[in-house]
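Below is one structure, written out as structure tokens; comments come after it.
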Amino acid sequence: MLRRRLPFSFAAVAVPAFAAKAATAATPLAAAGLPDAGQVSLILLWVAIALAAGAVATIRVLAQRANRLQQQLDLRSAELARANQCIAEDALARSVSEQRIHHIAQHDVLTGLPSRSLLQDRLGVAIGDSERSGEPLWVLLIDLDRFKYVNDSMGHKAGDVLLMTIAARLRSALHDDDTVARLSGDEFVVIMSQHPGQRLGPQLVQQLMDSVAQPVLLGTKEYSVTCSIGVAVYPTAGALADSLIEHADIAMYSAKKLGRNNFQFYTPAMNDEAQERVRIESALRKALERDEFVLHYQPQVDLASGKIVGMEALIRWQHPELGMVPPMRFISVAEDIGLIVPIGAWVMRTACLQNRAWQDAGMGHLRVAVNLSARQFGSPDLLDNISAVLDESGLDANCLEIELTESLFMSDVTLAVELLHNMKAIGVNLSIDDFGTGYSSLSYLSRFPIDVLKIDRSFVTNITRDASDAALVASIINLAHNLKLSVIAEGVETEEQLDYLRRHGCDEMQGYYVSRPLPALEFELLLREHNQLADDKILLTAGAN
């Protein structure tokens, strides 16, 4: 059979014209330089025509071109599929990342609780629900008591564990639709709404306090922390929605002022106290550098000899506008804002220098007592600071008495015992102030290297009128002597109280019966006169100066 050949004009012109037309086809793939299914179909059509015409060479060329185009089409289709998959995966990853960033922006990184911005949103929703339902809404501001002591004594990792534990406890103690947020540091805010079968009441606040106070295992040691809570109620007369957290904060500071470990409901009268606190705080920050603090000294009298053998150094603040500010107005503020440590260091240094000056002036081997705050007790530099003060003043270590409250020991008894032994190694005397107000310490008393117990004035006041207080004071004296400790009774104001203490073997006393706390110059005059009377065996029978 003869093979027919296409005319030259057809093979040389028509086929290239087709190729040009196929290459410029107006399809998405063509625009991207790719063949599409239509182009392949055209090629196959020309193949059929060529077959009919018997153009074998042209058919071979067209078939090869069709195969190459089909391979390119398959390859680029696979590449586009992979590209689309990558785009989809990138979009998903971007969405997840954006959601994570949004979550981090609205939640506390450490505890996972809502942060300040989300708290405001939740509070707005809760207020709207309260207004529609007519049910009350409570906002609680919770502040951990003496949290800084944990960070100072155990490290920030232990502090973080404590915060995470407290956060989880608060969350589990609330309903799912209530909110607990971390405001800052060791402060938390709780939004509590009314729920069917459970009306809002003080017992719910107490339950939160009890939950916080449960022991926490920090490393190998158990630690208990209390909290102070302020409560703002919505709606109440004159209460503004945007002031709820501020009012709860004011109420919380009122709870702190009352001794911590309690809760208070906001009242408008607290605003005056809050403004007073702001004023005190602002002025207090400049008091040290302006040399506005002074020490007053209250004598401690030996009941056997009648002589003044020591004195307690008590800080006073001589403010140029506020006048003489008593400690109860500024000590708690100084503790809250962290100024109690430098103030306490100033007290110890000033008292030791003054005591050494009196000894050099021939006033005798006096002992001066200074109070130690919780923050000072937890300071890692405490021992070095005590040694430095003794070296600077030249005062014998046994002429310095460090007064500590029972509450300092209860959070971590093991750590306290170790620290107290290190303090004793320096040579100072140690006393427990206000003994009898913290009964939990009795079982630990034999472990503490204590020299002196100070009986709280609340028991001394009624020893001649209340048989229970009288028996308690006598028991403390006997307990102390059995443990080879000395006893100082505080708040002695009458001769009857003094006689009772003498009969039961109390070692020393201090109180208004002898003198109120005095400035240094007045105390020196009292010291000279009183000890001269004691030398002459003339017993004091008069009251305070």
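Start counting the sequence shown at 1336; every next residue gets the next number (my numbering).
Glycine included, each C-beta is placed from N, C-alpha and C at the ideal position.
In this text, all values refer to a predicted model and were calculated from it rather than measured experimentally.
As DSSP reads the structure, Y1569 sits in a beta bridge with L1472. Per the Cβ contact rule, the stretch 1688 to 1705 is in contact with the stretch 1846 to 1862 (3 or more Cβ pairs under 8 angstroms).
Relative to A1618, the option among P1677, V1668, M1758 and L1861 whose CA is nearest is V1668.
Annotation: H1530 is outside any alpha helix (DSSP H) and is labelled neither H nor E by DSSP. In this structure the stretch 1749 to 1761 does not lie against the stretch 1789 to 1809, because fewer than three pairs of beta carbons, one per stretch, are closer than 8 angstroms. Nearest C-alpha to A1723 among S1578, E1736, D1695 and A1680: A1680. Within 10 angstroms of the beta-carbon of K1621 lie fewer than 16 other beta-carbons, which makes it exposed. The secondary-structure analysis by DSSP pairs Y1632 across a beta bridge with A1648 and L1853.
In the structure shown, the three-state DSSP call for E1624 is coil. Look at the beta carbons and you see the stretch 1631 to 1649 not touching the stretch 1559 to 1571: under three pairs across the two are nearer than 8 angstroms. Counting of Cβ neighbours within 10 angstroms places M1527 among the buried residues, the total reaching 16 or more.
G1658: member of the beta strand (DSSP E) spanning G1658 to V1660, first to last residue. Its chain contains I1585 as the residues whose beta carbon lies nearer than 8 angstroms to that of N1606, once the 5 sequence neighbours on both sides are disregarded; these appear in chain order. Restricting attention to beta strand (DSSP E) runs no shorter than 3 residues, the stretch 1577 to 1624 encloses them at 1598 to 1600, ordered along the chain. When DSSP states are grouped into helix, strand and coil, Y1558 belongs to the strand group. Taking 7 angstroms as the cut-off, the beta carbon of L1509 is found no closer than this to the beta carbon of V1551.
When the alpha-carbon of E1736 is set against those of L1750, S1714, Q1635 and M1698, the nearest one is in Q1635.
Remark: C-beta atoms of L1820 and V1827 do not approach each other more closely than 7 angstroms. Fewer than three beta-carbon pairs drawn from the stretch 1555 to 1562 and the stretch 1445 to 1457 are found closer than 8 angstroms, and the two stretches are therefore not classed as touching. About 7 angstroms separates the beta carbon of D1842 from that of I1823, a gap short enough to meet the 8 angstroms contact definition.
P1662 and V1676 have their C-alpha atoms spaced approximately 15 angstroms apart. If you draw a straight line from the Cα of A1696 to the Cα of N1757, it is about 31 angstroms long. Per DSSP, K1789 lies in no alpha helix (DSSP H); the unbroken beta strand (DSSP E) holding it starts and ends at V1787 to I1790.
Between V1629 and R1651, the CB-CB gap stays under 7 angstroms. Here G1840 has I1812 as same chain residues with Cβ atoms under 6 angstroms from its own Cβ, once five neighbours each way along the sequence are excluded. At the C-beta level, V1474 and A1590 stay beyond 7 angstroms of one another. Each residue's CA atom was taken as its position, placing Q1407 and Q1399 some 12 angstroms apart. Counting only residues of its own chain and dropping the five nearest sequence neighbours on each side, N1733 has a CB closer than 8 angstroms to the CB of R1702, G1762, V1763 and N1764. Counting the other CB atoms within 10 Å of its CB gives I1767 a total of 16 or more, which places it among the buried residues. Within the stretch 1447 to 1509, the alpha helix (DSSP H) runs of at least 4 residues that lie entirely inside it are, in chain order, 1451 to 1468, 1482 to 1489 and 1491 to 1507. A Cβ-Cβ distance of about 10 angstroms is found for the pair A1461 and L1454, leaving them out of contact under the 8 angstroms criterion. The three-state reading of DSSP puts R1800 in coil, since its state is none of H, G, I, E or B. CA-to-CA, the gap between A1604 and L1755 works out to about 43 angstroms. Remark: C-beta atoms of D1480 and R1595 approach each other more closely than 7 angstroms. Around the C-beta of M1659, fewer than 16 other C-beta atoms lie within 10 Å, and the residue is accordingly described as exposed. Within 10 angstroms of the beta-carbon of N1419 lie fewer than 16 other beta-carbons, which makes it exposed.
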